[in-house]
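The structure appears right after this line, and notes come after that.
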Amino acid sequence: MREMMEEMRGDIISRFEAIVADVVKREVTDALAPSETKLGSYASAISDLEGAANDHEQRLTSIQASVSQLQGKVELLTNKCDKLEGGSRLNNIRIVGVVEGTEGPRPTEFVADFLHNLLRLDAKPILDRAHRTLRPRPGDGAPSRPFVVRVDQFQTRNEILCKARESPALNYQGKHVFIFPDFTAIVAKKRAAFNDLKKEFHSCPGIKFGLFFPASLRITLPTGQLRTFDSPDLAMDFVKKNLKTMEDPQSV
2 MREMMEEMRG DIISRFEAIV ADVVKREVTD ALAPSETKLG SYASAISDLE GAANDHEQRL
62 TSIQASVSQL QGKVELLTNK CDKLEGGSRL NNIRIVGVVE GTEGPRPTEF VADFLHNLLR
122 LDAKPILDRA HRTLRPRPGD GAPSRPFVVR VDQFQTRNEI LCKARESPAL NYQGKHVFIF
182 PDFTAIVAKK RAAFNDLKKE FHSCPGIKFG LFFPASLRIT LPTGQLRTFD SPDLAMDFVK
242 KNLKTMEDPQ SV
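Residue numbering for the sequence shown follows this note's numbering, starting at 2 and increasing by one per position.
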């Protein structure tokens, strides 16, 4: 009898435990169901975000490639435009320092006479046109606007610039006057980058040099060999390594 009671007791306990486990399992399942639903929703959202991120990354890569290509084209076109503008100015000069209004109603004729007399040219230069720069007329006491002058012949333009360089000081009506080539801002900046380098040539005996349009430095060595540089840094490196230690051929 006791064994039967023990068996029944064990059976009841087993069934009770099974019922409790089933109830707990259902309660846990019911409790986790919303969370599982949310997790599934989050997983789907994360997957969508990853897909969108990959798509945006591909688009960004494509845009960056397009931007790089466009930057190259813009740089190429800018250089072409500057070269064309620079070429159109090859016959031009700039005159700085002439008092505003001195030219009267005929600026081209005035500038031709001005250059002829100031530089003691053999003949009066033929000019296509001469005018002040196109900014507003300055007030009293303000610096005068430069003249932009187009010379008919390139050789005459070079003669004017050469005479201006050779003159120790140019004065007109008690004012200092300066005559320069009329370069674009880009070309002027490129040429100015060689200024320090040109000073180095004073300590390099037997060296001849010239800066050619738009901004190429040509060096003539004592042997007659020519070297041309478009980069100031490369030219400076060449001078320091090869020319600073050269002996003057006339002193040997």
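Beta carbons: idealized from backbone N, C-alpha and C, even for Gly.
Predicted model, so just to flag it, every value in this text is computed and none were measured.
For this session: Inspect the CB distances between the segment 55 to 62 and the segment 99 to 117 and report whether three or more fall short of 8 Å.
Result: As far as the Cβ criterion goes, the segment 55 to 62 does not touch the segment 99 to 117, which means the pair count is below three.
Exercise. Can at least three beta-carbon pairs, one atom from the segment 90 to 104 and one from the segment 177 to 195, be found at a separation below 8 Å?
Worked result: Between the segment 90 to 104 and the segment 177 to 195, the count of C-beta pairs closer than 8 Å reaches three or more; the two stretches touch.
For this session: Measure the alpha-carbon distance for Thr-62 versus Gln-70 and round it to whole angstroms.
Result: Translated into the one-based positions of the sequence shown, residue 62 becomes position 61. Translated into the one-based positions of the sequence shown, residue 70 becomes position 69. One alpha carbon belongs to Thr-62, the other to Gln-70, and they sit about 12 Å apart.
Problem set entry | Span of the alpha helix (DSSP H), counted from its first residue to its last, around Asp-56 | Indexing the sequence shown from 1 puts residue 56 at position 55. Judged by DSSP secondary structure, Asp-56 falls within the alpha helix (DSSP H) whose first and last residues are 3 to 89.
For this session: Would you be able to state if there are at least three C-beta pairs under 8 Å between the segment 193 to 203 and the segment 148 to 167?
Result: Three or more Cβ pairs closer than 8 Å define a contact, and the segment 148 to 167 falls short of that threshold against the segment 193 to 203.
Problem set entry | Residue range of the beta strand (DSSP E) that includes Asp-153 | On the sequence shown, position 152 is the one that residue 153 refers to. In the DSSP assignment, Asp-153 falls outside any beta strand (DSSP E), carrying neither H nor E.
Problem set entry | Pro-182, enclosing alpha helix (DSSP H) - first and last residue | For the purposes of this step, residue 182 is taken as residue 181 along the sequence shown, with counting starting at 1. Here Pro-182 belongs to no alpha helix (DSSP H); instead the beta strand (DSSP E) covers 179 to 182.
Exercise. Does DSSP put Gln-174 in a helix, a strand or coil?
Worked result: Start at 1 with the first residue of the sequence shown, and residue 174 comes out as number 173. Note: Gln-174 maps to coil in three-state DSSP.
Exercise. Just how far apart, CA to CA, sit Ile-208 and Ile-220?
Worked result: The sequence position of residue 208 within the sequence shown is 207, counting from 1. The sequence position of residue 220 within the sequence shown is 219, counting from 1. Rounded to the nearest angstrom, the gap between the Cα atoms of Ile-208 and Ile-220 is 7 Å.
For this session: Identify, in the order they occur along the chain, each residue of the same chain with its Cβ nearer than 7 Å to the Cβ of Glu-86, setting aside the five sequence neighbours on each side.
Result: For the purposes of this step, residue 86 is taken as residue 85 along the sequence shown, with counting starting at 1. These residues qualify, in order along the chain: Thr-185.
Exercise. Does the segment 105 to 112 come close enough to the segment 124 to 137 to have 3 or more Cβ pairs within less than 8 Å?
Worked result: At 8 Å Cβ cutoff, the stretches touch.
Problem set entry | Anticipated Cβ contact below 8 Å, Arg-151 with Arg-133, distance rounded | As a first step, residue 151 must be located in the sequence shown, where it is residue number 150. As a first step, residue 133 must be located in the sequence shown, where it is residue number 132. Rounded, the Cβ-Cβ distance is 14 Å, inconsistent with contact.
Problem set entry | Distance between Ile-47 and Ala-54 (C-alpha atoms, nearest Å) | Numbered from its first residue, the sequence shown carries residue 54 at position 53. Numbered from its first residue, the sequence shown carries residue 47 at position 46. The straight-line gap from Cα to Cα measures roughly 10 Å.
For this session: Compare the C-alpha of Asp-153 against each of Leu-218, Gly-175, Arg-121 and Ala-113 and name the closest.
Result: Taking the sequence shown and counting its residues from 1, the one referred to as residue 153 is at position 152. Residue Ala-113 is the option with its Cα nearest to Asp-153.
Exercise. Phe-218: buried (16+ other C-beta within 10 angstroms of its C-beta) or exposed?
Worked result: On the sequence shown, residue 218 is found 217 positions in, with the first residue counted as 1. It is Leu, not Phe, that sits at residue 218 in the sequence shown. Classification of Leu-218: buried, given that the 10 Å Cβ count is 16 or more.
Problem set entry | Pick from Ala-236, Arg-228, Val-99 and Val-149 that is closest to Gln-174, judged by C-alpha positions | For the purposes of this step, residue 174 is taken as residue 173 along the sequence shown, with counting starting at 1. Taking each of Ala-236, Arg-228, Val-99 and Val-149 in turn and checking the Cα distance to Gln-174, the smallest one comes out for Val-99.
For this session: My understanding is that Pro-215 touches Lys-84, with C-beta atoms under 8 Å, so please give their C-beta distance in whole angstroms.
Result: For the purposes of this step, residue 215 is taken as residue 214 along the sequence shown, with counting starting at 1. For the purposes of this step, residue 84 is taken as residue 83 along the sequence shown, with counting starting at 1. The beta-carbon distance between Pro-215 and Lys-84, rounded to whole angstroms, is 7 Å. This is short enough to meet the 8 Å contact definition.
For this session: Count the other C-beta atoms from every protein chain shown that fall within 10 angstroms of the C-beta of Phe-213, then say buried if there are 16 or more, exposed otherwise.
Result: What you label residue 213 is simply residue 212 of the sequence shown in a count that begins at 1. With fewer than 16 other Cβ atoms within 10 Å, it is exposed.
Problem set entry | C-beta atoms of Ala-170 and Leu-198 nearer than 8 Å | Mapped onto the sequence shown, residue 170 falls at position 169. Mapped onto the sequence shown, residue 198 falls at position 197. In this structure, Leu-198 does not lie closer than 8 Å to Ala-170 by Cβ.
Problem set entry | Spatial neighbours of Ala-34 in its chain, beta-carbon cut-off 6 Å, leaving aside the 5 residues before and after | As a working note, residue 34 is residue 33 in the sequence shown. Result list for Ala-34: empty, nothing under 6 Å.
For this session: Put Lys-209 into one of helix, strand or coil per three-state DSSP.
Result: Mapped onto the sequence shown, residue 209 falls at position 208. Three-state result, Lys-209: strand.
For this session: Just confirm the distance between the C-beta atoms of Arg-136 and Glu-101, as a whole number of angstroms; I'd bet it's less than 8 Å.
Result: Residue numbering aside, residue 136 sits at position 135 when the sequence shown is read from its first letter. Residue numbering aside, residue 101 sits at position 100 when the sequence shown is read from its first letter. With 8 Å as the limit, Arg-136 and Glu-101 do not qualify as a contact, their Cβ atoms being about 12 Å apart.
Exercise. Per DSSP, what kind of secondary structure is Val-97 in: helix, strand or coil?
Worked result: In the sequence shown, the residue the question calls residue 97 occupies position 96. DSSP places Val-97 in strand when its eight states are reduced to three.
Problem set entry | Classification of Cys-82 by the beta-carbon crowding that lies within 10 angstroms, buried from 16 upward | As a first step, residue 82 is located in the sequence shown; it is residue number 81 there, counting from the start. Exposed is the call here.
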